[in-house]
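Here's the structure we're looking at; comments come further down.
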Amino acid sequence: MNIFLEKFHDLIQGVIEGFDRLIFKGHLTSLFPQGAFGRYLSKRGVLLKDAGKFFEAETARIVNHAKDVAEQAGRPYIYLECVFRSNVTGDSGIVTADSDST
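Throughout the sequence shown, residue numbering follows the working numbering, covering 1 to 102 in sequence.
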């Protein structure tokens, strides 16, 4: 990332730092205190047997929201299928295209 910032410093207005992506191995229930996961589903009106479909729908909703935000900002929506692919490598083409149009 530092190489990217150094190379394009004159085109960058600011930097937001945070988690790029998280990889969970195991079960997400271990992230919740005892019973919290069940309470969350209950509060949302979701039966445990329907949790899979619920989370698939939530995932689709989040993806669609991300696509809408990117479109409204005039930015491409890029999904990195492989966690080992460098987002810097993927984004460098965007920066090049942006700098050509300014």
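C-beta: ideal position from N, C-alpha, C; glycine also.
Alpha-carbon to alpha-carbon, residue j and residue i
i, j, result
"Phe55", "Lys7", "40 Å"
"Asp68", "Gly35", "34 Å"
"Ala70", "Ile12", "18 Å"
"Ser42", "Val63", "24 Å"
"Ala60", "Ala66", "10 Å"
"Val15", "Tyr40", "34 Å"
"Ile3", "Gly45", "48 Å"
"Glu106", "Ala73", "Only positions 1 to 102 of the chain appear in this structure, which leaves residue 106 out of reach."
"Gly52", "Phe32", "17 Å"
"Gly38", "Lys49", "11 Å"
Which of helix, strand or coil DSSP assigns to residue i
i, result
"Ala70", "helix"
"Val46", "coil"
"Arg39", "helix"
"Phe55", "helix"
"Arg61", "helix"
"Leu11", "helix"
N- and C-terminal bounds of the alpha helix (DSSP H) containing residue i
i, result
"Ile3", "2-7"
Chain C within 8 Å of residue i, Cβ atoms only
i, result
"Ile62", "In the structure shown, chain C does not exist; there is a single protein chain."
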